[in-house]
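Protein chains in written order, with this note's numbering: chain Z, 1 to 192; chain U, 193 to 384. Note that CB positions come from ideal geometry on N, CA and C, so glycine has one too. Here the structure comes first, spelled out in structure tokens, and everything after it is commentary.
There are 2 protein chains.
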Amino acid sequence: MDNDTAIRIRESAHDLIAERGYFGFSYADIAEVVGIRKASIHHHFPSKVDLVVATLKEYRARLAEAAGGLNNNVADPLQRLRLYVRYWAECVKSNHRPICIAALLSAELPALPEEIQAEVQLHFKYLLSWVKATLKEGAASGSIHLHSSAEVETQSFVAQVHGAMISARALGSTEIFTSITKNALERLRPSN
Amino acid sequence: MDNDTAIRIRESAHDLIAERGYFGFSYADIAEVVGIRKASIHHHFPSKVDLVVATLKEYRARLAEAAGGLNNNVADPLQRLRLYVRYWAECVKSNHRPICIAALLSAELPALPEEIQAEVQLHFKYLLSWVKATLKEGAASGSIHLHSSAEVETQSFVAQVHGAMISARALGSTEIFTSITKNALERLRPSN
DNA sequence: GCATCTAGACCTACTAGTAGGTAGTCTACT
DNA sequence: AGTAGACTACCTACTAGTAGGTCTAGATGC
């Protein structure tokens, strides 16, 4: 499952989901990108559901890795959130996976197979829990000011980032992503 | 174009897009809901693009109507935004078109036909311009406090509402929509 | 009053193309 | 020899869309 071809299939699945959503890509698209035949994909991922679940699991693992890295290497919790936002700003700017695939799939959620729905939900729960822990730590150390509860500020922060991705895509504008997220971070500054 | 069947087709298209996105529904699905044959849909809407463009135009017309109604009948600009949010809270709660189809389609945007992309963009521009005008009026009359520019506060407000819809869908939770949007409105209160 | 014409609405039957998925085979490496 | 990984060739189900016919209601001509 960790061999090169399987990884390339999974990575191009991620690219394609970020571009078009679950129903917007096919095994034929992936076959063309990876340079193998459609049937060969089934050898690595028996069904489309398996492929997308694996893609989401990997995506979540990468988030966990990145979040852990920030926790360990960046002392200031607010700065961690700034770097999180900066990562996405780069994605939006370069148009490389410029949207969170869990947020995108969430939009299509009722039509998706249950196993995928569950993975999407797990991603949201993980992201919310990391942001919440970060906000709480910042509030305790004084680097972050919370206007309301950590729970609600967490939900609002995540919603703003996701909403910013959507607006940026709709308007074809990197700037709108930057200005929304800058505003969201500004609100968390202690002097406010 | 305004006869009963055409309307029913367009309305069920709206339902289905809100549930599944552009690629997630077919003429066969609509035929089943409306109770006519697939081919008959083409009589009213020659292509899927025509149908979705018509659905988005109608959706925007309804938004314009509702926004105009709020402008005329509700004196306080902040209260207009509260009612806008309340409308969506009801949709989320009742699970009747619980997501803005322009926001949903924006997620899939790069894969959509250009005419649809253009309509999605028009919806965003209209919504942003109405919210901005409302915020400005509120700021002038003192019923709304703007922490930053009207432009940025507008973008943030809209992003929070859209992000709240996404989170609510992902977690199957009406409460998260309510708490995010309540927080967004709270920020605009003059006492803050 | 009655036949005829027209047009909209809907139908059956079909097209070419694509979807996800399967069966069975070949090849190269361990 | 066994196995992983790729292949060709195929399947069924479904997609948007088309061709051409039927039915009905209203308007028109005599």
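Please state the DSSP three-state secondary structure of residue i.
i, result
"U/Leu297", "helix"
"Z/Asp76", "coil"
"Z/Leu135", "helix"
"Z/Pro193", "Summary: the structure shown does not reach residue 193 of chain Z, with chain Z confined to residues 1 through 192, and so no result is reported for it."
"U/His288", "coil"
"Z/Phe25", "coil"
"U/Ser335", "coil"
"Z/Ser148", "coil"
"Z/Ile9", "helix"
"Z/Phe45", "coil"
Whose CA, out of the options, lies closest to the CA of residue i?
i, options, result
"U/Ala256", "U/Tyr276, U/Pro290, U/Cys283, U/Ala198", "U/Tyr276"
"Z/Leu51", "Z/Met165, Z/Ala75, Z/Asp15", "Z/Asp15"
"Z/Glu58", "Z/His43, Z/Arg10, Z/Arg20, Z/Phe25", "Z/Arg10"
"Z/Leu127", "U/Met357, U/Leu363, U/Leu296, U/Ser341", "U/Leu363"
"U/Thr197", "U/Ala294, U/Phe215, U/Arg252, U/Phe237", "U/Phe237"
"U/Ala342", "U/Glu306, U/Cys283, U/Val323", "U/Val323"
"U/Arg289", "U/Ile209, U/Arg381, U/Thr370", "U/Ile209"
"U/Lys285", "U/Tyr279, U/Ala253, U/His315, U/Thr366", "U/Thr366"
"U/Leu273", "U/Ile336, U/Ser204, U/Ala205", "U/Ile336"
"U/Leu434", "U/Ala356, U/Gln352, U/Ala360", "As displayed, chain U neither begins before 193 nor continues past 384, which places residue 434 of chain U out of reach and without an answer."
"Z/Ile166", "U/Pro269, U/Ala295, U/Ile291, U/Arg361", "U/Ala295"
"Z/Arg169", "U/Leu314, U/Gly216, U/Tyr219", "U/Leu314"
"Z/Gly24", "U/Ala356, U/Leu270, U/Glu300", "U/Glu300"
"Z/Gly163", "Z/Ser148, Z/Ile99, Z/Ser129", "Z/Ile99"
"U/His235", "U/Asn195, U/Arg252, U/Ser321", "U/Asn195"
Report the rounded CA-to-CA distance for residue i versus residue j, giving the unit in angstroms.
i, j, result
"Z/Arg8", "Z/Val34", "7 Å"
"Z/Leu70", "U/Val241", "45 Å"
"Z/Leu112", "U/Leu338", "40 Å"
"Z/Pro110", "Z/Ser191", "42 Å"
"U/Glu211", "U/Asn287", "10 Å"
"Z/Ala13", "Z/Thr55", "7 Å"
"Z/Ile101", "Z/Glu90", "16 Å"
"U/Asp228", "U/Tyr279", "Note on residue identity: the sequence assigns Ile, not Asp, to residue 228 of chain U. Near 32 Å, if we compare the C-alpha coordinates of U/Tyr279 and U/Ile228."
"Z/Met1", "Z/Arg62", "Its pLDDT being 34, under 50, Z/Met1 is placed unreliably in this model, and the value from its coordinates should be taken loosely. Near 17 Å, if we compare the C-alpha coordinates of Z/Arg62 and Z/Met1."
"U/Leu297", "Z/Phe177", "18 Å"
"Z/Gly21", "U/Gly213", "9 Å"
"Z/Asp29", "Z/Lys125", "31 Å"
"Z/Thr134", "Z/Pro77", "6 Å"
Does the beta-carbon of residue i, which I'm using as the reference point, lie nearer than 7 Å to any heavy atom of the ligand ADP?
i, result
"Z/Ala64", "Among the components of this structure there are no ligands whatsoever, and the ligand ADP is therefore not found."
Notebook entry, point to check: Taking any Cβ of chain U, which residues in the region 17-38 of chain Z have a Cβ under 7 Å from it, in chain order?
Noted result: Glu19, Arg20, Gly21, Phe23, Gly24
Margin query: So, does the region 149-169 of chain Z touch the region 371-379 of chain U, judging by three or more C-beta pairs under 8 Å?
Written below: yes
Next item on the list: Answer yes if the region 118-135 of chain Z comes into contact with the region 319-339 of chain U, meaning at least three C-beta pairs across the two stretches below 8 Å, and no otherwise.
Entry: no
Next item on the list: Give, in chain order, every residue of the region 239-260 of chain U whose Cβ lies closer than 9 Å to some Cβ of chain Z.
Entry: none
Check: Closer than 8 Å, Cβ to any Cβ of chain U: which residues of the region 136-150 of chain Z, in chain order?
Finding: His147, Ser148
Margin query: Please list, in chain order, the residues of the region 105-124 of chain Z that have any C-beta partner in chain U closer than 7 Å.
Written below: Ser106, Ala107, Glu108, Leu109, Pro110, Ala111, Val120, Gln121, Phe124
Note to self: Residues of the region 358-375 of chain U in Cβ contact with chain Z at a cutoff of 7 Å, in chain order, please.
What the structure shows: Ile358, Ser359, Arg361, Ala362, Leu363, Ile368, Ser371, Ile372, Asn375
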